[in-house]
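Listed in order, the protein sequences are those of chains Y and A.
Going by this note's numbering, the first residue of the first sequence is number 3, and it counts up by one from there.
Going by this note's numbering, the first residue of the second sequence is number 5, and it counts up by one from there.
Data block below; observations after.
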Amino acid sequence: MASDEERRAREALRKAARFGDDIDLEAYSEGSRELAPVGSLEELPEDTKTTLLDTGIVPSGKGRAGNFLLMDNSVVHSAVMGEGVELMPLSQALKVHDWLKDYVWKAVRPDTDKYTAETYLENADGYFIRALPGAKVRMPVQTCLLLKDRNTKQYVHNVLIAEEGSELEVVTGCTTSKGVEKGLHLGISEFFLRKNSKLTFTMIHNWSEVIGVRPRTDVVMDEGATYVNNYVALKPVRSIQTYPTAHMNGPDGVCRFNSVAVAHPGSVLDLGSRAILNAPGCRAELISRTITTGGTVIARGQLVGNSAGIKAHLECKGLILSEKGVQIAIPELEARVPDVEMTHEAAVGKIAQDQVEYLMSRGLNEEDAVGMIVRGFLDVGIRGIPEHLKAEIDRTLQETDVRRG
Amino acid sequence: MLEIENLTVEVAGKEILHNVSLSVKSGYTTVLFGPNGSGKSTLLMTIMGFSGYKVRSGRILLNGEDITHLPVNERAKRGIGMMMQRPPNITGERLKDLVRVASKGKVDIAKIAEELDMTNFLERDVNVGFSGGEIKRSEILQLTAQNPCLLLLDEPESGVDMVSIEKLGAKVRELLQGPSHCAGWRERSGKAALIITHTGQILDYVEADRGYVMCNGTVACSGNPRELLAEIRKMGYQECIRCKLNQPNLVVENVASEG
């Protein structure tokens, strides 16, 4: 007999998401679940390794506590090198840990929209990461979600648990192999941060012009937990719609979302971040820096203050570098008790001419001046990014064509 | 070095400078006095070539070349460097990086930053949250790195506290005159400068060769800078305006009183 959850998921199979273009799920073939495992990421073809490197994933695994690679719908590699951390496919973890069923689909509801519903009904696999109680995991765990086949629909379901007092860093690189003609990524991520734990999560999206992306992320935070979310999307993509949400349920939690993105011609980026401050003393900061060189950016942000003594700030700034680009900033503040301090700052527009000329007066030509201002603009959004990823992102930024169109 | 010929400039549709002519000789320091709103900054911004300062007539010549319509960076390339009164914030760009680019890698950034007490600012975003005095030091730091041959300084002393002005003044002098204090050397090898000063305080630190007084967008007077300053301190700018307006009469009066 179908569970209540399953019944609701079935009913939601045609339920359009609240935001973003409605993607036809029938138009994609399901990605293979049968790809052969690889013994190490170094065995991958050279061009795939380069693709991984671009998203901050080190194929050698050097300096990493764990490696995980999902290719289409197959977990082809999962290895733990460091201590204090568990990493395995979610399907396997459910067999190992009986208690895990109390976590899966508890942060993200299966009937949220058609994407969550289908991912639920397809019984998607993904990573299970757990930082053991009190463990300060020294090196980051790296996970990579790769779209490989010509026409692929990828389902992912990730669960991450940072146990009490633990500290963990995770890097997720999402990317596409050459030759993919059409792809869809549906990614469910459920993160649980127990008391006084700390998670730094960095996601780098390097999809391609033919990929639709619908991640669904909810983070549940207990007392004193710290969550840092860095999101970077500098390469062309067809369409991304995401709205990760932190549910700050325990007192004195801290969360920070930093997002930087470039919308190239033809790209539609609908990027949000949300913090729901449910307990006293919680603090949240949502910072986004977006650029359009011809595509559309919708920068959403929402802060919900449900408890006294919370403090939160939301900032979305957008640069328009092309006549054709569109920037939409939608910051929302919602306070349900009087004793809250919530602020927002939103600005969209072109590069200020006085800034360009100021740099030109120091001898830079116009193009270099614009480049410098643009990189500086984005830099504010990635200052929270771990050092080991900075060089990679700087390089991508240098390569990213952000000239004025 | 620099010749301004009958320059008329408008900003946002309003004429600010009317038929201004002045010159700055190579190796000479020229100061520009004038009350607030007289058009001094407009003149400097126009010489540097910032947009929004529209030249309606007249010319700007640098070493004989007409640069009236050159873009800002081309003027910088030809050796003009400016200290702005209110430079914009460049969020996300560290001062260190701008100084490095301005110097083309030719100077010891750490050393000049230390001399200007700016070491702690190198990692900060350009101008973001800088106080008035810190802006001045940051501008001088950038100019030292840039090493132009014609300096345009817009009120280098304003907003600087008494302790820092000593240091800043010394650095400005060094920038203008190089290591030598000898007048002959300065004329031959020093830089040309056009310095706006409202109070004249900068003259305690640098030698100046010529002064102009600007009032209401025109050059009201020119002459020895220290004499001009002494007059302005005694009589105020009102006297310069009155004097300019009544110049023919004044000459007659002088002649009459002599008789």
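By construction, the Cβ of each residue, glycine as well, lies at the ideal position given by its N, Cα and C atoms.
From this set, Y:VAL256, Y:GLY226, Y:VAL270, which residue's C-alpha is nearest Y:THR244's C-alpha? Y:VAL270
Taking buried to mean at least 16 other C-beta atoms within 10 Å of its own C-beta, is A:ILE20 buried or exposed? buried
Mind pulling the chain Y residues with CB within less than 8 Å of A:THR95? The contact set of A:THR95 on chain Y, defined by CB atoms closer than 8 Å, consists of GLY378, PHE379, VAL382 in chain order.
Contact criterion: CB-CB distance below 8 Å. Does Y:GLY365 meet it with respect to chain A? yes
Exposed or buried, what is Y:VAL339 when buried is set at 16 or more other beta-carbons lying within 10 Å of its beta-carbon? exposed
Just checking: is the beta-carbon of Y:ASP356 within a distance shorter than 8 Å of some beta-carbon in chain A? yes
Applying the 10 Å Cβ sphere with the 16-neighbour rule, what's the burial state of A:LEU77? Leu is not the amino acid found at residue 77 of chain A; the sequence shown has Asn there. Label assigned to A:ASN77: buried.
Y:CYS284, DSSP secondary structure in three states: coil
Do Y:ILE278 and Y:HIS315 come within 8 Å of each other at the CB atom, strictly closer than that value? At a Cβ-Cβ threshold of 8 Å, Y:HIS315 and Y:ILE278 do not count as neighbours.
Got a sec: which bits of the stretch 34-49 of chain A sit with their beta carbon under 9 Å from any beta carbon on chain Y, in order along the chain? none
Closer than 7 Å between beta carbons: that is the criterion. Which residues of the stretch 91-120 of chain A meet it against chain Y? PRO91, PRO92, ILE94, THR95, GLY96, GLU97, LEU102, VAL105, ALA106
Endpoints, the beta strand (DSSP E) within which Y:PRO91 is located: 87-91
Considering only DSSP beta bridges, list what A:LYS29 is partnered with. Beta-bridge pairing links A:LYS29 to no other residue.
Backbone secondary structure at A:GLN336 - three-state DSSP: The question about residue 336 of chain A has no answer here: the residues shown for chain A are numbered 5 through 263.
So, is the C-beta of A:LEU179 closer than 8 Å to a C-beta in chain Y? Not an interface residue.
Run through DSSP, which three-state label would A:ILE51 get? helix
Using DSSP bridges, identify the partner residues of A:GLU138. DSSP output for A:GLU138 lists no bridge partner at all.
Do Y:THR121 and Y:LEU236 have their C-beta atoms within less than 8 Å of each other? Inclusion of Y:THR121 and Y:LEU236 in the CB contact set at 8 Å is not warranted, their separation being larger than that value.
Please classify Y:ASN251 as buried or exposed, where buried requires at least 16 other C-beta atoms within 10 Å of its C-beta. buried
Own chain partners of Y:ASN160 with C-beta closer than 6 Å, once the 5 adjacent residues on each side are dropped: GLY128, TYR129, SER191.
Residue closest to Y:LYS150, alpha-carbon to alpha-carbon, out of Y:GLU183, Y:GLY136, Y:GLU169: Y:GLU183
List the residues that DSSP assigns as beta-bridge partners of Y:CYS318. Y:SER290, Y:ALA348
How big is the Cα-Cα spacing for Y:SER241 and Y:HIS187? 10 Å
Cross-strand partners of A:GLU7 (DSSP beta bridge): A:SER27, A:LEU65
Taking the alpha-carbon positions, what's the Y:SER290 to Y:VAL262 distance? 6 Å
Could you check if Y:THR154 is buried or exposed, using at least 16 other CB atoms within 10 Å of its CB as the buried criterion? buried
Residues in the stretch 289-308 of chain Y with C-beta within 9 Å of chain A's C-beta atoms, listed in sequence order? Within the stretch 289-308 of chain Y, ARG291 place their CB atoms closer than 9 Å to a CB of chain A, listed in sequence order.
What residues in its chain sit with their C-beta under 6 Å from that of Y:LEU170, if we drop five residues either side in the sequence? ALA133, VAL139, ALA164, LEU201, listed in sequence order.
Flag Y:ILE375 as yes if its beta-carbon sits less than 8 Å from any beta-carbon of chain A, otherwise no. yes
Return helix, strand or coil for Y:ALA29, following the three-state DSSP convention. Shown here, Y:ALA29 sits in a helix according to DSSP, grouped into three states.
CB of Y:ARG218 within 8 Å of CB of Y:VAL256, strictly: no
Exposed or buried, what is Y:THR52 when buried is set at 16 or more other beta-carbons lying within 10 Å of its beta-carbon? exposed
Quick check on Y:PHE130: does DSSP put it in helix, strand or coil? strand
Work out the CA separation of A:LEU6 and A:ALA224 for me, nearest whole Å. One Cα belongs to A:ALA224, the other to A:LEU6, and the distance between them is close to 19 Å.
Can you look up Y:TYR105 in the DSSP assignment and give me helix, strand or coil? coil
Under 8 Å between C-beta atoms, does A:SER3 make it to chain Y? Nothing about residue 3 of chain A can be reported from this structure: the residues present for chain A run from 5 to 263 only.
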